[in-house]
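The number in this note's numbering is simply the position in the sequence shown, starting from 1, with 8 added. Virtual Cβ for every residue (Gly too), placed ideally from N, Cα, C. What you are looking at is a predicted structure, and each value in this text was computed from that prediction instead of being measured. Let me begin by presenting the structure, written as structure tokens, before commenting on it.
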Amino acid sequence: MTTDSLTSTSPALHTSIGKTGVLIVNLGTPDSPNTPDVRKYLREFLMDGRVIDIPFIPRWMLVNLIIAPFRAPKSAKIYKELWTEDGSPLKTYGYSVEKMLQQMLGDQYVVKLAMRYQSPGIEDGLKEFQQMGLSSLTVIPFFPQYASATTGSVYEEVMRVLKGWQIMPELRFVNRFLDHPKFIEGFARPARKYMAEHTYDHFLFSYHGVPERQIRKGDPTKAQCKLGSCCDTLNQHNQFCYRAQCFETTRLLVKALDLKEGTYTTCFQSRLGSDPWIKPYSDDVIKDLAKRGVKSVLAFSPAFVSDCLETTIEVGDEYRELFEENGGEHWQLVESLNDSQLWVEVLADLVQKN
């Protein structure tokens, strides 16, 4: 058989017999804003060795004897501020996106929402897929930038479940989508609306932080990562560096919004513990901006596709209060993609591209 004959018959080899499963995965949320459920969520989340990457025994002691007992009651109060009549916004938006994406993709696909932590679980979703006789499975973690603690953790959990299957469908993962034009437009569009209504002195792009040690662990050369100017471009050497991907996301949004140099800052929020996390820290940047005389800020959280505690409460409320306490006057958070049509189109593109 010649190469030409193989090429000519290849379409038939790829004819789909069964359906394609699409597992969309967000981080997770407590089942309720009550302290026991928040404590349960924190324990599962923080016991993940990719989230707190220290040996098991000290991690267990830190999470179960210090963080969960003392942090859960405080976090529960904040979750109660976030909660709606329909429950957690993150889960509400997730189910809405699940429904919209299913309608957009059609009957040849089966879309299911899962959470890396708590419910609906990844294992439960995959077990439902297992009974359907799927031809292929596409997994899309809801994290625009790759990080070991987020996308990497989803990969690991999916493979933990699948390794016990006798028959595995063709499997595809979406690694990241920070440069998808519709993802960028999903943040740029509401930002343009706010910019038309108000003049902003500065634009803040705040991303969830990770410990510096995790960035260095991800450097295969053990020499490339300097946690500084090496993030000024995204290239083959740092393409999986979370910090570099965040700076690239900012550059793409700056271009889409035609922002001037010197009017924007990339920074990182939500650090935990005493070890150094990637910098600059959002709270330090905000205090400095206000003290320098900046009066109005338009803030973005482009590491999150759904509004949640880290966006609505931390960036939207706590950072606004911090800004005003230090002399700022106007603070506006650009909402996440949530269940917007553009976000669903991003997901459909990712599925069909794969």
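Given residue i as reference, the closest of the options once Cα atoms are compared
i           : options               : result
residue 347 : 97, 302, 325 and 247  : 97
residue 310 : 329, 262, 344 and 37  : 344
residue 144 : 302, 360, 320 and 26  : 26
residue 206 : 339, 58, 34 and 152   : 339
residue 351 : 52, 72 and 112        : 112
residue 4   : 31, 104 and 32        : Nothing in the structure corresponds to residue 4, since the chain is present only between 9 and 362.
residue 269 : 259, 275 and 276      : 259
residue 315 : 175, 150 and 49       : 150
residue 84  : 67, 37 and 119        : 37
residue 333 : 320, 317, 299 and 318 : 299
residue 301 : 313, 275, 271 and 323 : 271
residue 89  : 255, 341 and 326      : 326
residue 322 : 87, 67, 68 and 69     : 87
residue 211 : 142, 290 and 124      : 290
residue 283 : 185, 65 and 217       : 217
residue 118 : 227, 134, 128 and 61  : 134
residue 166 : 131, 142, 196 and 156 : 131
residue 71  : 57, 63, 137 and 51    : 51
residue 213 : 185, 204, 241 and 256 : 256
residue 360 : 223, 227 and 110      : 110
residue 61  : 288, 219 and 319      : 219
residue 30  : 146, 266 and 156      : 146
residue 75  : 236, 53, 92 and 94    : 53
residue 209 : 106, 304 and 185      : 304
residue 287 : 92, 91, 329 and 254   : 254
residue 159 : 128, 137 and 124      : 124
residue 266 : 285, 100, 196 and 337 : 196
residue 161 : 35, 328, 336 and 335  : 35
Any non-hydrogen atom of the ligand ATP within 6 Å of residue i CB
i           : result
residue 249 : In the structure on display, the ligand ATP does not appear, and there are no ligands present to speak of.
Terminal residues of the alpha helix (DSSP H) in which residue i lies
i           : result
residue 101 : 97-113
residue 31  : First-last for residue 31: 28-36, but that is the beta strand (DSSP E), not the alpha helix (DSSP H).
residue 255 : 250-265
residue 350 : 349-361
residue 297 : 290-299
Residue i, enclosing beta strand (DSSP E) - first and last residue
i           : result
residue 307 : 304-308
residue 275 : 272-277
Supposed contact pair residue j and residue i - C-beta distance, whole angstroms, cut 8 Å
i           : j           : result
residue 355 : residue 32  : 7 Å
residue 5   : residue 122 : For the chain, the structure presents residues 9 to 362; residue 5 sits outside this window and is missing.
residue 126 : residue 39  : 6 Å
residue 261 : residue 312 : Wrong, their Cβ atoms sit about 14 Å apart, outside the cutoff.
residue 116 : residue 28  : 7 Å
residue 240 : residue 233 : In fact, because the Cβ distance is near 13 Å, the residues do not count as touching under 8 Å.
residue 58  : residue 156 : 5 Å
residue 223 : residue 235 : 6 Å
residue 188 : residue 357 : 7 Å
residue 91  : residue 128 : That belief does not hold up - the Cβ atoms of residue 91 and residue 128 are roughly 18 Å apart, past 8 Å.
residue 225 : residue 353 : Not a contact, Cβ separation roughly 35 Å.
| message | Which runs of the beta strand (DSSP E) at least 3 residues long sit entirely within the region 124-182? Give them in chain order. | response | Considered as a whole, the region 124-182 harbours 144-149 and 178-181 as its complete beta strand (DSSP E) runs of no fewer than 3 residues, in chain order.
| query | Is the region 188-203 touching the region 284-298, taking contact as three or more C-beta pairs under 8 Å? | reply | At 8 Å Cβ cutoff, the stretches do not touch.
| query | Taking the runs of the beta strand (DSSP E) that are 3 residues or longer, which of them lie wholly in the region 182-244? | reply | For secondary structure counted as the beta strand (DSSP E) over 3 or more consecutive residues, the region 182-244 holds these complete runs in sequence order: 210-216.
| said: Could you tell me which whole alpha helix (DSSP H) segments of length 4 or greater appear in the region 304-339? | reply: Within the region 304-339, the runs of alpha helix (DSSP H) at least 4 residues long that lie entirely inside it are, in chain order, 327-333.
| message | At 4 residues or longer, what runs of the alpha helix (DSSP H) sit wholly inside the region 48-99? | response | Counting whole runs of 4 or more residues, the region 48-99 contains the alpha helix (DSSP H) stretches 64-69 and 76-90.
| request: Please determine if the region 38-53 and the region 69-87 are in contact, where contact requires at least 3 C-beta pairs separated by less than 8 Å. | output: At 8 Å Cβ cutoff, the stretches touch.
| Hey, is the region 175-182 in contact with the region 238-253, meaning 3+ C-beta pairs nearer than 8 Å? | These segments do not touch.
| message | I want to know whether the region 168-179 touches the region 271-288 - three or more CB-CB distances under 8 Å. | response | Of all C-beta pairs linking the region 168-179 to the region 271-288, fewer than three are shorter than 8 Å, placing the two stretches out of contact.
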